[in-house]
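*Asks:* I have a structure I would like to understand better, so I am pasting it below and will then ask my questions one at a time.
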Amino acid sequence: MISTKVKLLLIGLSMPFILQAQTTKQLSLQEAVDLGIANSKNLKLSQQKIDEAVAKLATVKDNALPTATVSFMYNHAEIPTNTLKIGEGNPIHLPNRADAFVGTAAVQELVYGGGKLKYAQESTKLLKELAVLDADKNKEEVSYAVVNGYFSLYKLLQSKKVVAQNLTAIAKQLKQAQRFYDQGLVTKNDVLRFQLQQANISLTEMEIENNRKIVNYNLDILLGLPENTDIEIKGADDTLPQLNSLSNYLSAAMANRQELQQLGLQHKVADYNIKSIKANMLPTVGLGANLYYVNPSGNFFPSSQQYLMPITLGANISWNIASIWTNKNKVAEAKVQQLEIDTQKDILTDNVKTELNRNYQNYQLAVQKIAVLETSIAQANENDRLLESKYQNNIASAIDRIDAETLLYQAKINLELAKADAKLAYYTLLKSTGRISQYN
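Residues 53 to 492 (the working numbering) make up the sequence shown, in order.
Put into structure tokens, the structure is as follows:
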């Protein structure tokens, strides 16, 4: 039987491998985007702004409710000089002290205020919609940041694979060169050239691994994963999507870009602002009811006929006549502000069109680059095969052999980078339509 100490030793030795397995996570692009959205602190802040806008809307609605106040007061008076004589009349005798209870209850309701309450409610509703659009825009930014980091990591992982293949091949070439040297077929300089190439490729591998760790760490933070999680890319080499027509993407951008929608809402907010300013020139009408309780008897519970409880009903109409001429410039200023919003929307529309066209053309170029690089790899493979044969037959030099191999693996790396760049270019195009998240 295995002793307890041996069991503990085996468990201790296996712990690093267990921990390593626990910190590796495979993620598809969709899963990464979902994690980024779920754990984004910026999106949580956006949701809080929406909640704040909803609370403001509820507050504005409360302003339409009637107001009511209740008060109760107790007074005690000491009257040292309690006799008052005026002229030849009989003197007035007052008590030495007096107590009184006075209570009031009032209800007021604004019946008509020129429509200002209605405009305030509608304007606040629009502000809530603006907050929702702002959150939607932030969601797009988070999604794109995840996509960017995801494909940056993919490029490094693919480059690392190609470099590993290159190191395996150069190790084989170095072994072959050493054998040729032992047989007197090549010089020591040829062996040194292969060793130098191996060292240079190893340095490249170290740089790629360093960059991978940096990008992986940043992606861990962005996705809300433990900081020691190694992310494995899943499904990033899928077939590139086909493009629709440019007009389709332009239509989607005009309908979906949050910035354009926000400016449309701001135009409506400005419209309600103009109406509210105009409403200041109209009269206001209110109704009210008041209940009074006057108890001068000094007893908290007085007997009948020792207290008064008058009830009053009233209506009031007020009109600031001066607003007819003082509001004129305020309305003009509000209309200019609305025109500024319309101009900003026109400028943004042009910018969106140029941005989208640029991203559309960039994606087409990225796809064309892949086709060219696939052809270059076929040519580099053939060149590498010919130079390998010539080198084995002592017809080509070690320099020629190394150059051919370097060209081949550089072409392979360029192809992997181009594929990742094409995928990123596609999502950049989608981002310019305002709906990157729905296409994942």
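Think of the CB as a built atom: it goes at the ideal place given N, C-alpha and C, for glycine as much as any other residue.
Quick caveat: nothing in here was measured; it's all calculated off a predicted structure.
Using the three-state DSSP reduction, which class does Phe124 fall into: helix, strand or coil?
*Replies:* Your numbering for residue 124 matches position 72 in the sequence shown. Reduced to three states, the DSSP call for Phe124 is strand.
*Asks:* For Thr156, which three-state DSSP category applies?
*Replies:* By 1-based counting over the sequence shown, the position of residue 156 is 104. DSSP places Thr156 in strand when its eight states are reduced to three.
*Asks:* What distance in whole Å lies between the Cβ atoms of Gln78 and Glu284, which are believed to be in contact at a cut-off of 8 Å?
*Replies:* In the sequence shown, residue 284 corresponds to position 232, counting from 1. In the sequence shown, residue 78 corresponds to position 26, counting from 1. Contact flag correct, Cβ pair sits at about 4 Å.
*Asks:* Could you check how far apart the C-beta atoms of Ala305 and Gly165 are, in whole angstroms? I think they sit under 8 Å.
*Replies:* For this step, residue 305 is matched to residue 253 along the sequence shown. For this step, residue 165 is matched to residue 113 along the sequence shown. Their Cβ separation, rounded to whole angstroms, is 41 Å, which puts Ala305 and Gly165 out of contact at 8 Å.
*Asks:* What residue range does the alpha helix (DSSP H) around Ser441 cover?
*Replies:* Numbered from its first residue, the sequence shown carries residue 441 at position 389. Its alpha helix (DSSP H) spans residues Lys380 to Gln444.
*Asks:* Can you pull the DSSP bridge partners for Gly340?
*Replies:* To locate residue 340, count along the sequence shown from 1; it is residue 288. Gln160 and Gly366.
*Asks:* So Ile376 and Leu315 are in contact, right, with Cβ under 8 Å, and what is the actual spacing, rounded?
*Replies:* Position 324 of the sequence shown, counting from 1, holds the residue named residue 376. Position 263 of the sequence shown, counting from 1, holds the residue named residue 315. The Cβ separation is near 32 Å, so there is no contact.
*Asks:* Less than 7 Å between the C-beta atoms of Ser503 and Val267, yes or no?
*Replies:* Residue coverage of the chain in this structure runs from 53 to 492, which leaves residue 503 outside it and unanswerable.
*Asks:* Using the beta-carbon count (16 or more within 10 Å), is Asn115 buried or exposed?
*Replies:* Taking the sequence shown and counting its residues from 1, the one referred to as residue 115 is at position 63. It counts as exposed.
*Asks:* Go to Ile285, then tell me how far its beta strand (DSSP E) extends in each direction, as first and last residue.
*Replies:* Within the sequence shown, residue 285 is the residue found at index 233, counting from 1. It spans Asp282 to Ile285 - the beta strand (DSSP E) in which Ile285 sits, taken as one unbroken run.
*Asks:* How many Å lie between Leu226 and Tyr443 at the Cα?
*Replies:* Locating residue 226 in the sequence shown gives position 174, counting from the first residue. Locating residue 443 in the sequence shown gives position 391, counting from the first residue. Straight-line Cα distance between these residues: approximately 12 Å.
*Asks:* Beta-carbon separation of Ala322 and Gln413 under 7 Å?
*Replies:* Taking the first residue of the sequence shown as position 1, residue 322 is located at position 270. Taking the first residue of the sequence shown as position 1, residue 413 is located at position 361. In this structure, Gln413 does not lie closer than 7 Å to Ala322 by Cβ.
*Asks:* Can you tell which of Thr75, Asp151, Gln99 and Gly155 has the C-alpha that lies nearest to the C-alpha of Thr121?
*Replies:* Mapped onto the sequence shown, residue 121 falls at position 69. The shortest C-alpha separation from Thr121 is found at Gly155.
*Asks:* Quick check on the burial criterion: 16 or more other C-beta atoms within 10 angstroms. Buried or exposed for Leu81?
*Replies:* Mapped onto the sequence shown, residue 81 falls at position 29. So Leu81 counts as buried.
*Asks:* From Gln310 to Asn190, what distance separates their C-alpha atoms?
*Replies:* Your numbering for residue 310 matches position 258 in the sequence shown. Your numbering for residue 190 matches position 138 in the sequence shown. Their backbone Cα atoms lie some 10 Å apart in a straight line.
*Asks:* Whole alpha helix (DSSP H) runs in the segment 288-362 with 4 or more residues, listed along the chain?
*Replies:* Qualifying alpha helix (DSSP H) stretches, in chain order: 298-308 and 310-331.
*Asks:* Go ahead and label Leu62 buried or exposed: buried means 16 or more other beta carbons lie within 10 angstroms of its beta carbon, across all protein chains shown.
*Replies:* As a working mapping, residue 62 is identified with position 10 in the sequence shown. Only weak support exists for where Leu62 lies, its pLDDT of 47 falling under 50; the coordinates are left without a value.
*Asks:* Name the DSSP bridge partner or partners of Arg149?
*Replies:* For the purposes of this step, residue 149 is taken as the residue at position 97 of the sequence shown. Arg149 is bridged to Glu130.
*Asks:* If I follow the unbroken alpha helix (DSSP H) through Lys77, where does it start and stop?
*Replies:* The residue you call residue 77 lines up with position 25 of the sequence shown. Taken as a continuous stretch (DSSP letters only), Lys77 belongs to no alpha helix (DSSP H), being part of the beta strand (DSSP E) at Thr76 to Leu79.
*Asks:* Contact check, Thr171 vs Pro293 under 8 Å by CB: the rounded distance?
*Replies:* Within the sequence shown, the letter at position 119 stands for residue 171. Within the sequence shown, the letter at position 241 stands for residue 293. Per the sequence shown, residue 171 should be read as Tyr rather than Thr. Tyr171 to Pro293, Cβ: 47 Å. No contact.
*Asks:* By how many angstroms is the C-alpha of Ala448 removed from the C-alpha of Leu248?
*Replies:* Residue 248 sits at position 196 when you count from the first residue of the sequence shown. Residue 448 sits at position 396 when you count from the first residue of the sequence shown. Approximately 18 Å, taken between the alpha carbons.
*Asks:* Determine the burial state of Gly141: buried for a count of at least 16 other Cβ atoms within 10 Å of its Cβ, exposed for fewer.
*Replies:* Reading the sequence shown from its first residue, position 89 is the one you call residue 141. Exposed.
*Asks:* Hey, would you say Ala456 sits closer than 7 Å to Lys421, going by beta carbons?
*Replies:* As a position in the sequence shown, residue 456 is number 404, starting the count at 1. As a position in the sequence shown, residue 421 is number 369, starting the count at 1. Not a contact, by the Cβ cut-off of 7 Å.
*Asks:* When the Cα of Lys213 is compared with those of Leu476, Glu468 and Leu482, which residue comes out closest?
*Replies:* The sequence position of residue 213 within the sequence shown is 161, counting from 1. Among Leu476, Glu468 and Leu482, the Cα nearest to that of Lys213 belongs to Glu468.
*Asks:* Just grab the DSSP bridge partners of Ile144 for me.
*Replies:* Counting from 1 along the sequence shown, the entry for residue 144 is found at position 92. DSSP lists Leu136 as partners of Ile144.
*Asks:* Got a sec, what are the start and stop residues for the alpha helix (DSSP H) Gly201 sits in?
*Replies:* Sequence index remark: in the sequence shown, residue 201 carries index 149 (1-based). Lys168 to Asp234 is the extent of the alpha helix (DSSP H) around Gly201.
*Asks:* Starting from Ile102 and walking both ways along the alpha helix (DSSP H), at which residues does that stretch end?
*Replies:* Taking the first residue of the sequence shown as position 1, residue 102 is located at position 50. Here the alpha helix (DSSP H) through Ile102 covers Lys93 to Asp114.
*Asks:* Look up Thr485 in the DSSP assignment and say whether it is helix, strand or coil.
*Replies:* For the purposes of this step, residue 485 is identified with residue 433 of the sequence shown, where counting begins at 1. Helix.
*Asks:* Considering only the alpha carbon of each residue, which of Glu130, Leu365, Ser328 and Ala105 lies closest to Leu182?
*Replies:* For this step, residue 182 is matched to residue 130 along the sequence shown. Nearest option by C-alpha distance: Ala105.
*Asks:* So, with DSSP's three-state summary, where would you put Ala73?
*Replies:* Taking the sequence shown and counting its residues from 1, the one referred to as residue 73 is at position 21. Note that Ala73 scores a pLDDT of 49, beneath 50, so its modelled location is shaky; the value from the coordinates is reported in the next line. DSSP places Ala73 in helix when its eight states are reduced to three.
*Asks:* Rounded to whole angstroms, what is the Cα-Cα separation between Leu302 and Ile399?
*Replies:* Locating residue 302 in the sequence shown gives position 250, counting from the first residue. Locating residue 399 in the sequence shown gives position 347, counting from the first residue. Approximately 15 Å, taken between the alpha carbons.
*Asks:* So for Thr480, helix, strand or coil by DSSP?
*Replies:* Stepping through the sequence shown from its first residue, residue 480 is reached at position 428. Three-state DSSP puts Thr480 in a helix.
*Asks:* So what does DSSP say about Thr256, is it helix, strand or coil?
*Replies:* On the sequence shown, position 204 is the one that residue 256 refers to. It is helical.
*Asks:* Is there contact between the segment 142-161 and the segment 122-134, where contact requires at least three CB pairs shorter than 8 Å?
*Replies:* Short answer: they touch.
*Asks:* Going along the chain, which residues of its own chain have a beta-carbon closer than 6 Å to the beta-carbon of Tyr202, five neighbours each way excluded?
*Replies:* Position 150 of the sequence shown holds residue 202. Closer than 6 Å at the Cβ level, and outside the excluded window around Tyr202, lie Leu81 and Ala84.
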